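Reading through the structure tokens given below for one structure.
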Amino acid sequence: MILVTGASGKTGTAVINALAARGEAVHAVVHRPEQVAPAIALGARRASAGSMSDASALIQAADGARAIYHICPNVSPHEVAFGRAVVAAATGAGIRRLVFHSVLHPQIEAMPHHWDKLRVEEMLLESGLDVTILQPGAYMQNIMAGWRGILEEGIYRIPYSVETRLSLVDLGDVAEVAASVLASPGHAGATYELVGTTPSSQLEITETLSRVLGRPVRAEAETIAAWEARARTAGMGDHQRRTLIRMFRYYDRHGLTGGTAVLRTLLGRPPRTLAEFAAGAAAAVR
Ligand SMILES: NC(=O)c1ccc[n+]([C@@H]2O[C@H](COP(=O)([O-])OP(=O)(O)OC[C@H]3O[C@@H](n4cnc5c(N)ncnc54)[C@H](OP(=O)(O)O)[C@@H]3O)[C@@H](O)[C@H]2O)c1
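Take 596 as the starting number for the sequence shown in this note's numbering and just add one per residue.
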């Protein structure tokens, strides 16, 4: 049994899918009780609900598992505390194997959610556990947040320059690697950068979207104030807004890029391209 934390989110769902596809038994640890049934429907053998801050509940959930796949909630102010609770759960339940879902370039201090992940990585390396760290780039799936604007107005809005270069990765590819490092030997002690595309500007990204969708899509930089107003209306918390604004400012100045070689090797095939992702997204909407 593999214990997956943060199991009901975007990443958790993809990881459960990939583990279930390999026939792995999964215990999904979700946040709220109403997320238990959907996790079982997705293919988890067991599911339990609770907060990641509750180390004793985590120890109980971890009982009998052979490994933990730890996914912290996105942009959480509690990243380090949750990491500590998960290490305590692994140690308390006698589980040696732990895979951590980190992020590309956690060493960037200007982005607090990256920097927090670096602190967790450090804690894991000192934990004595058999640790693997996965560092995915920005998911292609993030584009779906602006999908309506893309289809209805032909505009892809981002709160940074249209020249900003990002290396993207398909979440399905990341989940496939997550499942494979849990299933095969040789990955304990490793840290893998997971990037699927060569660095692309937002202009290049919209060129691909235009080609695949068969209609013009242009990238438009919106102001951070406009983004923040929308995020506030949508109910995003202060910490998340503040942190993401720092990320957008960093992206604007430096982008976020990495190399594709590691992911290609781990998958044993080329990573999914942005064009393939966009074609799949368009077909799913139809
Ligand atoms: N998005 C990217 O491009 C990207 C790239 C690289 C790495 N990552 C990393 O991937 C991780 C997961 O991101 P995601 O976008 O998949 O997250 P997500 O969809 O926001 O899911 C987070 C999950 O955590 C749950 N949660 C919230 N507070 C909790 C708590 N106190 N205890 C237990 N569970 C709690 C949420 O439940 P509720 O529904 O109840 O809130 C939700 O199910 C993050 O650590 C992020 O940094 C993301």
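Even glycine gets a Cβ: it sits at the ideal position worked out from N, Cα and C.
These numbers come from a predicted model, not from an experiment.
- Counting only the Cα atoms, Ile800 lies some 14 angstroms from Arg810.
- Pro794 has its CB no nearer than 7 angstroms to any heavy atom of ligand 1.
- Going by beta carbons, Ala613 and Glu823 fall outside the 8 angstroms limit.
- Between ligand 1 and Tyr846, a heavy atom-to-CB distance of less than 7 angstroms is absent.
- Proximity of the beta carbon of His665 to ligand 1 is not indicated: no heavy atom of the ligand is located closer than 7 angstroms.
- Cβ-Cβ separation between Val857 and Tyr755: approximately 26 angstroms, too far for a contact (criterion under 8 angstroms).
- Look at Pro701 here: in three-state DSSP terms it is coil, with no helix or strand label.
- Here Arg617 has Ala774 and Ala778 as same chain residues with Cβ atoms under 7 angstroms from its own Cβ, once five neighbours each way along the sequence are excluded.
- Per DSSP, the beta bridge partners of Leu598 are His622 and Ile663.
- Assignment of alpha helix (DSSP H) within the region 826-870, counting only whole runs of 4 or more residues, yields 833-849 and 856-862 in chain order.
- Taking 7 angstroms as the cut-off, the C-beta of Asn737 counts as close to a heavy atom of ligand 1.
- Sequence-distant Cβ neighbours of Arg679 in its own chain, meaning closer than 7 angstroms and more than five residues away, are Met718.
- Of Lys605, Val599, Tyr751 and His709, the smallest CA-CA separation from Asp658 is found for Val599.
- Here the C-alpha atom of Ser805 lies approximately 8 angstroms from the C-alpha atom of Arg813.
- For Ala829, the closest of Thr803, Ala740 and Gly601 by C-alpha to C-alpha distance is Ala740.
- Relative to ligand 1, the beta carbon of Ser643 is positioned no closer than 7 angstroms to any heavy atom.
- The C-alpha of Tyr734 lies about 31 angstroms from the C-alpha of Thr686.
- Leu851 is positioned such that its CB atom lies no closer than 8 angstroms to that of Leu789.
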